[in-house]
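Here the structure comes first, spelled out in structure tokens, and everything after it is commentary.
There are 2 protein chains.
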Amino acid sequence: MPTSTVENYLKAILVRSTGDEAVVATGALAEALGVTPGTITTMVKSMASRGLLEHQPREGVRLTPEGRTLAMAVVRKHRLVETFLVQVLHMDWKEVHEEAEALEHAISDRVLLRIDAILGYPVADPHGDPIPSRKSHLLERGKGVTLATCEALKPFRVERILDQSPVFLEFIQRTGLKPGARVRVRDRDPASGVVRCDLKDSEATLGLPEAAKIEVKAV
Amino acid sequence: MPTSTVENYLKAILVRSTGDEAVVATGALAEALGVTPGTITTMVKSMASRGLLEHQPREGVRLTPEGRTLAMAVVRKHRLVETFLVQVLHMDWKEVHEEAEALEHAISDRVLLRIDAILGYPVADPHGDPIPSRKSHLLERGKGVTLATCEALKPFRVERILDQSPVFLEFIQRTGLKPGARVRVRDRDPASGVVRCDLKDSEATLGLPEAAKIEVKAV
DNA sequence: ATTTTGTCTTTGACGACTCAAAGAGATTAT
DNA sequence: ATAATCTCTTTGAGTCGTCAAAGACAAAAT
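Read top to bottom, the protein sequences are chains H and L.
If you want our numbering, it's the position in the first sequence, counting the first as 1, plus 1.
If you want our numbering, it's the position in the second sequence, counting the first as 1, plus 1.
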């Protein structure tokens, strides 16, 4: 039974391990977890000795199958809890991320199953992030189509919000760019870095980096 | 913000501090928390220096008003969570104690308020234990009327189960002696230590120490 | 009054997690 | 090629919660 610290390390590595190599730099982890680089080195060594990951000094870190499975379970818990807090406890979707951050380490599999059942086995959380199934070993990555890259003037639907920070979610809330919303890019100006979108009966203006955090799908 | 260990110490002291003096022996805590006496001494000293309790060496320990308030909040969380797990998640009431044991340290006040509201501000958990209100500073003690002491042949109602251990709850479940059940003591034999009770359409036989763990109220 | 017994405290140590600061490797710039 | 820079690792130290074992105290027994 990993401690909640180890669970957080696993989760941070998993959501950052992209593509084939799936190697994550220790510096990125230090940044993400808010600890000093030395702390990461120490923890990573101990996790490696427990078989949760492989550590190539000065290269980075890669989850073993076991570490990956554990990490997936944590992500699953987190996203199911988020969904539960919104759907059943009617909490504000801007608040639930941090609540789930604590709860994900305290909830047993038994309770999680009940939650899953009550929610009707959802496949995505309120931010549009996919909820891994119980046996899944793959974390679906974003397809890469976002408001920063999608074709202009064609209709899309917001699929997923790739940034959980309160300020950004507050903006999403304000503009109505939540998962499920219909959206069309009116124009995109690389020079000024501004994207203008039309929604059902409103419009939104945002910067390119922010647009890249809103994944969309053709509709 | 106390750690979950400190919260457990506070809770253990609170539920054991009876009557006026409200002094708890450190040995009782060691027993209850499953740690060695030396550990209790160490923790108790650090909690005393934080103003959560007073420690009379070789006498015992007494919560300060601050410690008491904190402890009440933990008990409140525990019992609300238990109630939630049974009523909303439809979990078996025999399982919820240990689940709540973990969850009580991870749930924010915000979430707790939602839970409280959804449950309709209950005043007792599934075992009949009173749920302290948000500002309450008193932990209601058992009135002392139990199946071991109540008048025979008169009708009573089960009010509260004073033992949360799985084996005992399993017995309660089996016999139907759950809070709310109507019960009448047919006879009590001090020589053999046996109490026989009638329920709605069944009967139950139990030992005197066990009968003392079932609080009842005249009806 | 002295010994025994039971309970509580002290001491030294350890594992998990963390930091600050110094050191080592690798990459980029000059 | 050498220096500068950036990133990562090492080292020494600290906190929290824990244990085992040795010591101190007080109440009960003789």
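C-beta atoms are modelled at their ideal positions from N, C-alpha and C, and glycine is treated no differently.
Name the one or two DSSP bridge partners that residue i has.
i, result
"H/Val206", "The residue asked about is misnamed: residue 206 of chain H is Thr in this sequence, not Val. Beta-bridge pairing links H/Thr206 to H/Arg197."
"L/Pro156", "L/Arg185"
"L/Arg161", "L/Glu216"
"L/Gly61", "L/Gln57"
"H/Ala125", "H/Pro131"
"H/Thr147", "H/Glu216"
"H/Asp190", "H/Val195"
"L/Val25", "L/Val62"
Around the C-beta of residue i, are 16 or more other C-beta atoms found within 10 angstroms, so that it is buried, or is it exposed?
i, result
"H/His91", "exposed"
"H/Glu83", "buried"
"L/Arg158", "exposed"
"H/Asp130", "buried"
"H/Pro180", "buried"
"H/Arg185", "buried"
"H/Ser47", "exposed"
"H/Asp117", "buried"
"H/Lys78", "buried"
"L/Val220", "exposed"
"L/Ala153", "exposed"
"L/Ala192", "exposed"
"L/Glu105", "buried"
"H/Lys214", "buried"
"L/Val124", "exposed"
"H/Leu139", "exposed"
Give a yes or no on whether the C-beta atoms belonging to residue i and residue j are separated by under 8 Å.
i, j, result
"H/Arg161", "H/Glu211", "no"
"L/Leu71", "L/Leu54", "no"
"L/Val97", "L/Pro133", "no"
"H/Met73", "H/Ser137", "yes"
"H/Pro156", "H/Arg197", "no"
"H/Leu11", "H/Gly61", "no"
"H/Gly177", "H/Leu163", "no"
"H/Ile41", "H/Thr19", "no"
"H/Leu81", "H/Leu30", "no"
"H/Glu8", "H/Val75", "yes"
So with CB distances below 9 Å, who are the chain H contacts of residue i?
i, result
"L/Arg77", "In chain order: nothing, as chain H lies at least about 17 Å away."
"L/Ile119", "Val89, Leu90, His91"
"L/Leu86", "Val112, Arg115"
"L/Glu83", "None at all; the shortest Cβ gap to chain H is about 12 Å."
"L/Ala205", "By Cβ distance, chain H contributes nothing, its closest Cβ being about 29 Å from L/Ala205, past 9 Å."
My assumption, with CB atoms under 8 Å, is that residue i sits in contact with residue j. Please give the rounded CB distance.
i, j, result
"H/Ala64", "H/Ile14", "Rather than Ala, the amino acid found at residue 64 of chain H in this sequence is Leu. Indeed, because the Cβ distance is near 6 Å, the residues count as touching under 8 Å."
"L/Leu107", "H/Ala107", "Strictly speaking, residue 107 of chain L in this sequence is Ala, with Leu absent from that position. Yes, they are in contact, since the Cβ atoms of L/Ala107 and H/Ala107 sit about 4 Å apart, within 8 Å."
"H/Val146", "H/Lys218", "7 Å"
"L/Glu100", "H/Ser50", "The pair is not a contact, with the Cβ atoms about 32 Å apart (cut-off 8 Å)."
"L/Trp94", "L/Leu170", "7 Å"
Starting from residue i, find everything on chain H with Cβ-Cβ shorter than 7 Å and list it in chain order.
i, result
"L/His56", "None at all; the shortest Cβ gap to chain H is about 30 Å."
"L/Ala153", "The contacting residues do not exist; L/Ala153 stays about 41 Å from chain H at best."
Residue i touches chain L at which residues, Cβ-Cβ below 7 Å?
i, result
"H/Glu141", "Chain L residues near H/Glu141: none, gap ~27 Å exceeds 7 Å."
I want to verify the contact list: residues of chain H whose CB lies under 8 Å from the CB of residue i, in sequence order.
i, result
"L/His106", "Ala107"
"L/Glu96", "Arg111"
"L/Glu100", "Ser109, Arg111, Val112"
"L/Phe29", "In the sequence as presented, Phe is not what sits at residue 29 of chain L; that position holds Ala. None at all; the shortest Cβ gap to chain H is about 27 Å."
"L/Ala125", "Those within 8 Å of L/Ala125 in chain H number zero; the least Cβ separation is about 22 Å."
In chain L, which residues lie with their C-beta within 9 Å of the C-beta of residue i?
i, result
"H/Ala74", "Those do not exist, as H/Ala74 stays about 16 Å from chain L at its closest Cβ, beyond 9 Å."
"H/Ala212", "Near H/Ala212 there are no residues of chain L at all, since even the closest Cβ is about 31 Å away, more than 9 Å."
In chain L, what lies closer than 8 Å to residue i by C-beta?
i, result
"H/Ala33", "None at all; the shortest Cβ gap to chain L is about 21 Å."
"H/Ala192", "Residues of chain L passing the Cβ test: none, with the nearest at roughly 44 Å."
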